[in-house]
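S.K.:
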Amino acid sequence: MIIRQDATPGSMRTRFFAWGALMIALLAVFAFHVVPHLRVETDILALLPRTQQDRALDEALDAFSARLARKQIFLIGSEKLADARLAATSFAAELRASGAFESVQLEADEALRQRIDTYLAHRAYLLAPEDEKALAEGNTDRLATRALRAAYTPTGLMQPIGIAEDPIGLMNNFLRTQARAAGRARLEGSMLVVEGEERSWVLVLTENKGSPFASSVQEQVMPAIAQARSAASRAAPAAVEILMSGAIQHAAAATERAEDEITTFGTIEAIAVVLLLLLIFGAMRPLLLGLMTLSLAVVAAFTAVHYIFGEVHLLAVVFGSSLIGSVIDYSIHFFADRFRDPTRWTPVDAARHVGPAILLGLTTTLIGYAVLAVVPFPGLEQIAVFCMIGLIVGCGCVLCLYPVLAHTRRQRLPKLGAKIGGAIDGVLLRWHWGPLKLAFVAAIVVLTAIGLTRLQVRDDVKALQQSPPDLIASEQRVRELLGSGIETRFFLVSGDSAQTALDNAQQLATQLDRLVATGAIASYQSVTQALPSETQQRRNHELLAQQVFAPGALLDRVMGSLGFPAESIEKRRQDFSAANAPLAVDEWLSSAASKGLRDLWLGQVGTRYATVVALGGIVDVPALGAISQPDVRLIDRVAETTATLGRYRHAMTLLLAAVYAVAGIVLMIRFGWRDAPRMLLPSVAATLVTLGLFGWLGVGMNLFTLLALWLVLGLGIDYGIFLRHGRDNRPTAILSVTLSACTTLIAFGLLALSATPFIRSIGLTLLCAISFSWLFVLFSCLTTLGPRTARREEAIHG
Amino acid sequence: MLLWSLTAYAADPFAHPATGEALLASTLAKPAAQLSKAQVLKGRFTHSKHLREIPQPLVADGDFIFVRDLGVYWHTQQPFDSVVVLTSKGIVQRDEGSQTMRLSSDEQPAVRVIADVFLALFTLDVARLNANFDLYGLSQGDRWIIGLRPRAAAMNAVFKEATVTGARDVEEVVLTDVHGDRTVIDLSGIEYSGAQPGADVRALFELARP
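Respectively, the protein sequence lines represent chains A and B.
In the working numbering, each number is its position in the first sequence, counted from 1, plus 246.
In the working numbering, each number is its position in the second sequence, counted from 1, plus 16.
#1: Thinking just about the alpha-carbon of each residue, which of Leu675/A, Leu955/A, Tyr855/A, Gln757/A is nearest to the one in Ser874/A?
#2: Starting from the C-beta of Gly492/A, find all residues in its chain whose C-beta is less than 6 Å away, skip the five residues before and the five after it, and write them out in chain order.
#3: Using the C-alpha atoms, what's the distance from Ser929/A back to Leu198/A?
#4: Roughly how many whole angstroms lie between the Cα atoms of Leu523/A and Leu1010/A?
#5: Out of Tyr152/B, Gly210/B, Val217/B, which has the shortest C-alpha to C-alpha gap to Ala38/B?
#6: Quick one: what does DSSP say Val945/A is sitting in, helix, strand or coil?
#7: Decide if Asp111/B is buried, meaning its Cβ has at least 16 other Cβ atoms within 10 Å, or exposed.
#8: Since Pro660/A and Gly456/A should fall inside the 8 Å C-beta cutoff, what is the C-beta to C-beta distance between them, to a whole number of angstroms?
#9: For Gln792/A, does the count of other Cβ atoms within 10 angstroms reach 16, so buried, or fall short, so exposed?
#10: Can you grab the Cα-Cα spacing for the pair Phe347/A / Thr452/A, in whole Å?
#11: Inspect the beta-carbon positions of Trp265/A and Cys633/A and report whether they are closer than 9 Å.
#12: Counting only beta-carbon atoms, is Arg395/A nearer than 9 Å to chain B?
#13: In chain order, what residues of the same chain have a beta carbon less than 8 Å from the beta carbon of Val439/A, not counting five sequence neighbours either side?
#14: Give the secondary structure of Gly415/A by DSSP, where H, G and I count as helix, E and B as strand, and everything else as coil.
#15: I need the DSSP call for His269/B, collapsed to helix, strand or coil.
#16: Quick check on this structure: which residue in Thr199/B, Glu188/B, Ala183/B, Pro213/B has the alpha carbon closest to the alpha carbon of Ser42/B?
#17: Measure the C-alpha to C-alpha separation of Asp304/A and Leu953/A and round it to an integer number of angstroms.
#18: Verify whether the separation of the beta carbon atoms of Gln466/A and Ser349/A is less than 9 Å.
#19: In three-state DSSP terms, what is Glu444/A?
#20: Under three-state DSSP, which class holds Phe581/A?
#21: Buried or exposed for Leu22/B, please, with buried defined as at least 16 other CB atoms from any protein chain shown within 10 angstroms of its CB.
#22: 9 Å is my cut-off, CB to CB: does Leu808/A come that close to chain B?
#23: What residue does the beta strand (DSSP E) around Ser324/A start on, and which one ends it?
#24: Going by C-alpha to C-alpha distance, which of Leu738/A, Ala1001/A, Thr984/A sits closest to Leu1024/A?
#25: DSSP puts Met490/A in a beta bridge; with which residues?
#26: In whole angstroms, give me the CA-to-CA distance for Glu505/A and Ser311/A.
#27: Whole angstroms is fine: what's the gap from Ala550/A's alpha carbon to Gly614/A's?
#28: Output the boundary residues of the alpha helix (DSSP H) element that contains Glu378/A.
#29: With 8 Å as the limit, tell me which residues of the segment 34–65 of chain B have their beta carbon closer than that to any beta carbon of chain A; keep them in chain order.
#30: On the CB-based measure, 16 or more other CB atoms within 10 Å of its CB, does Val639/A come out buried or exposed?
#31: At what residues does the beta strand (DSSP E) containing Pro774/A begin and finish?
#32: In three-state terms, what does DSSP make of Asp587/A?
#33: Please check if any C-beta of chain A sits within less than 9 Å of the C-beta of Val186/B.
#34: Quick one: list the residues of chain A neighbouring Leu86/B, beta-carbon separation under 7 Å, in chain order.
#35: Kindly indicate the opening and closing residues of the beta strand (DSSP E) around Glu207/B.
#36: How big is the Cα-Cα spacing for Ala616/A and Thr699/A?
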């Protein structure tokens, strides 16, 4: 071996040491810097591009969604309320003890008094909308009557503040508009309780510390919840059921499922590839070198993506497994070269012989991914970078390391490889394109064309990311029990200043009030419900001054008839005159009064101010769309996402065609107009037949189908290049391409079984398209039409 | 008798913490047992509001009908005619035939709690009271007094503490707010009926239907 190594040319040895050193440095960086900070993102939405023109606004909306995503609702139910309470108490205690949560709320609204005090301090500027209307219309008799009823009947007991504090009841009525119901939940003692499904459920609200999509957060939160669940069951003597609603359970399920699948599929893949390679090459060396190459390629890809994007998306990892296909292919082509001449083969020969083909294949594939990288779609950029870096490093390893490391003293190879290559070649050599066979091809063409017309497009993001049914059921039960749901549509309201934004929101609110009245929506939430704009507050103040506190007005009338002495009345009048500040945004935000609505206020965004108006129980979507007001926009994230996926699917279809054209030109320059189509068309045909088949089978096409077809482009052209290059030794070239196709099918065939719809899309597409691609490329490159036999064809070219 | 009731009033019930079970077992055993059998409870009330700033209390009176599982029909006759129907679904007020106010407990969860508590006070539904209040109580002979302090801050804003006194029946409920203003409700002439309410009585509650 030492002797043989000496036979390696100097330039190759230099390359070996330089590349080896680079790889060792890479491993060190990966182990000590990347791994400790690695963040795997599983949310499909994180892949999507920014749809709005305003970047700052987009970030603010993201932050808003992120805050919502951090929240969870738990319902702890049992037949008896007392048992549910016991369970909920230890459930909450366990969650608090875990330290995984920012907040765990079991006791409801302790801050009611602080809330009331915040508003009381600005009572001279606040009015309930109905009272404002009554005062504006001068309809003060009704208000006077209401005040007397509160003094003489139990209705007065239903008010948060007493008659002495609020003789006319205006403040009480304002506060009543502030009582934000948590759906059907009501206060039992200090806990919020709902009744339903013949059980009593205690509400526990939590907020975790980081993004629910970060695996580090999931690892903290999910075990804490599991532990709290068992603590809750232990605490109560009767059976306890716990329902949960929150993004984290879906994210955790997705991560867990992906990890399970990657482990299961990865293991099966590894075993299958090992067996295949051992069977063909009869030695460990090709296998070990192949695995080393693959590992280095994946490590390099992870490292690059980590540094460029700050996180690695699950989808990039899935596509990373395509590297098994491509990178192992390079090793396979390299070692399959031995079959050309098993006794005299040296790795230096192989590098010279297959090197150009590998480089050319790499070039066409890189063109494809480079195009993918310029599409302004964060997810695609990641995939493109991941694959390009992985392929370059894989190719580098094969060309720089193998000439030195792949030395072998073994002179003999197992017969199986040569037999497979020979057998397939035999079929192809004897192949004659008779009328029957051509008719069969014509039938396939027709069937494909019909299939393509039936092909359905399915861009719906909900169909691409599905949660396990039990989680969806739990979510649904929480929604029904609480009588309120999370809507993905909301209004975004902005303005030049905080006050304009509030004014705009207030204007929108009056339109939404109409929709609530007609039943188009069940409810809405706007900060203006708890924080009227300054314009509104000044209007209130004016009305109060004229209609209530003016001498002889409502205050005098009501307090007089209740029997208050003159000085009591005067004191209230003075308090009103002394008040000179409306409730300001900042004060409201930092007070208990903003609890529950605070998140809707996005604050300063770029040069503007923005707030979200959330909707509940949407019945009539067009009615929402019909609202047209400057600086108010209906945001529908699910529909937007679906539309975006559709737009990119469309753009990528065109790009795929363009990339095929470019690849065709590259091949044409290198191989001439006669051979280039033979290398290119099989991939095109495989793509079309796959889509046609999907049309017949009713499998929907989406963005991820296209991503898979992108892989087919690279791999299919590689097959063509290798068959063309290996024309002088057809069985070896056939074996090489067949092994490549097999490893890819093993890797992706299993993805077709994935429970995650978008991964399944990729798997299914590749399973079909790679099989077709392999089949077509053999016929396209190695058989010929017309009267000439294959042997004559070979003789002419050879 | 007068002397006895004075001493009972002088005693502070809040010095005697109790639990729902304990009260039911001793202090309230008799009246609660009797009330639990009643389907309909009728009587007269006097509702007086004592405000620090006004020397004379604001007094109203009228009659009421409590129907188990329906709620209470509260008919104020003096100083004006007004009907309040209180159910766990909410509260509706009607003056001289026209509806002037409606608070639904679906929209205002606090209303339901207070309505429930109000109903529980008159029927000595100790289990329900126990869920929302710390309970206190003492008794002497037939007479008893219980005290309630809300556990939730939300309730605290409405009243700080309440006392219920009685012997055979509930006789007086006093609610005191954080400022020391009091609402005193005296009940008299209470009649029980174990029979299901008739259609005429049920019709009174139709008012509360949404």
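Even for Gly, the Cβ is constructed at its ideal location relative to N, Cα and C.
M.R.: Let me lay it out:
#1: Stepping through the first sequence from its first residue, residue 874/A is reached at position 628. Among Leu675/A, Leu955/A, Tyr855/A, Gln757/A, the Cα nearest to that of Ser874/A belongs to Gln757/A.
#2: For the purposes of this step, residue 492/A is taken as the residue at position 246 of the first sequence. So the list reads Gln318, once near-sequence residues are dropped.
#3: This structure cannot settle anything about residue 198/A, because the visible part of chain A is limited to 247 through 1044.
#4: By one-based count along the first sequence, residue 523/A stands at place 277. By one-based count along the first sequence, residue 1010/A stands at place 764. So the two alpha carbons sit approximately 24 Å from each other.
#5: What you label residue 38/B is simply residue 22 of the second sequence in a count that begins at 1. Per the Cα distances, Tyr152/B.
#6: Within the first sequence, residue 945/A is the residue found at index 699, counting from 1. Three-state DSSP puts Val945/A in coil, outside helix and strand.
#7: Counting from 1 along the second sequence, the entry for residue 111/B is found at position 95. Counting C-beta atoms within 10 angstroms of its own C-beta, Asp111/B has 16 or more neighbours from the protein chains shown and is therefore classed as buried.
#8: Locating residue 660/A in the first sequence gives position 414, counting from the first residue. Locating residue 456/A in the first sequence gives position 210, counting from the first residue. Actually they are not in contact, since the Cβ atoms of Pro660/A and Gly456/A sit about 53 Å apart, beyond 8 Å.
#9: Start at 1 with the first residue of the first sequence, and residue 792/A comes out as number 546. Exposed is the call here.
#10: Taking the first sequence and counting its residues from 1, one reaches residue 347/A at position 101. Taking the first sequence and counting its residues from 1, one reaches residue 452/A at position 206. About 7 Å.
#11: Counting from one through the first sequence, the residue named residue 265/A turns up at place 19. Counting from one through the first sequence, the residue named residue 633/A turns up at place 387. Against a cut-off of 9 Å, the Cβ pair of Cys633/A and Trp265/A comes out as no contact.
#12: Your numbering for residue 395/A matches position 149 in the first sequence. Closer than 9 Å: yes.
#13: Locating residue 439/A in the first sequence gives position 193, where the first residue counts as 1. Excluding residues within five positions, the ones whose Cβ falls inside 8 Å are Leu327, Ala330, Ala431, Arg432, Leu433, Ser446, Trp447, Val448, Leu449.
#14: Numbered from its first residue, the first sequence carries residue 415/A at position 169. Three-state DSSP puts Gly415/A in coil, outside helix and strand.
#15: Here chain B comprises residues numbered 17 to 226, so residue 269/B is not present and cannot be evaluated.
#16: Residue mapping note: residue 42/B aligns to position 26 of the second sequence, counting from 1. Ser42/B has its Cα closest to that of Ala183/B, out of Thr199/B, Glu188/B, Ala183/B, Pro213/B.
#17: As a position in the first sequence, residue 304/A is number 58, starting the count at 1. As a position in the first sequence, residue 953/A is number 707, starting the count at 1. Taking the straight line joining both Cα atoms gives about 26 Å.
#18: Within the first sequence, numbered from 1, the residue matching residue 466/A stands at position 220. Within the first sequence, numbered from 1, the residue matching residue 349/A stands at position 103. Their beta carbons are not under 9 Å apart, which means Gln466/A does not touch Ser349/A by this criterion.
#19: Working through the first sequence from its first residue, we reach residue 444/A at position 198. Secondary structure at Glu444/A: coil, using DSSP grouped into helix, strand and coil.
#20: On the first sequence, residue 581/A is found 335 positions in, with the first residue counted as 1. Here Phe581/A sits in helix by DSSP.
#21: Stepping through the second sequence from its first residue, residue 22/B is reached at position 6. Because the pLDDT at Leu22/B is just 39, under 50, the model does not fix this residue reliably, and the value given afterwards should be weighed accordingly. It counts as exposed.
#22: In the first sequence, the residue the question calls residue 808/A occupies position 562. Taking Cβ atoms only, chain B reaches closer than 9 Å to Leu808/A, which makes this a yes.
#23: For the purposes of this step, residue 324/A is identified with residue 78 of the first sequence, where counting begins at 1. Segment 317–324, the beta strand (DSSP E) holding Ser324/A.
#24: Counting from 1 along the first sequence, the entry for residue 1024/A is found at position 778. When each option's Cα is compared against that of Leu1024/A, the closest is Thr984/A.
#25: Here residue 490/A refers to the residue found at position 244 when the first sequence is read from its first residue. DSSP lists Phe320/A as partners of Met490/A.
#26: Residue numbering aside, residue 505/A sits at position 259 when the first sequence is read from its first letter. Residue numbering aside, residue 311/A sits at position 65 when the first sequence is read from its first letter. Using only the alpha carbons, I get a separation of about 26 Å.
#27: Position 304 of the first sequence holds residue 550/A. Position 368 of the first sequence holds residue 614/A. In a straight line, the C-alpha of Ala550/A is about 19 Å away from that of Gly614/A.
#28: Residue mapping note: residue 378/A aligns to position 132 of the first sequence, counting from 1. First-last of the alpha helix (DSSP H) with Glu378/A: 375–382.
#29: Flagged, chain order: His63, Lys65.
#30: Numbered from 1 along the first sequence, position 393 holds the residue referred to as residue 639/A. Looking at its Cβ environment, which holds 16 or more other Cβ atoms inside 10 Å, Val639/A is buried.
#31: Along the first sequence, one-based indexing puts residue 774/A at 528. Note that residue 774/A corresponds to Thr in the displayed sequence, not to Pro. Counting along the chain, no beta strand (DSSP E) covers Thr774/A, and no H or E run does either.
#32: As a first step, residue 587/A is located in the first sequence; it is residue number 341 there, counting from the start. Coil.
#33: By 1-based counting over the second sequence, the position of residue 186/B is 170. It does not; no Cβ of chain A falls within 9 Å.
#34: For the purposes of this step, residue 86/B is identified with residue 70 of the second sequence, where counting begins at 1. Those within 7 Å of Leu86/B in chain A number zero; the least Cβ separation is about 16 Å.
#35: Taking the second sequence and counting its residues from 1, the one referred to as residue 207/B is at position 191. Start and end: 198–209.
#36: Locating residue 616/A in the first sequence gives position 370, where the first residue counts as 1. Locating residue 699/A in the first sequence gives position 453, where the first residue counts as 1. Answer to the nearest angstrom: the Cα atoms are 30 Å apart.
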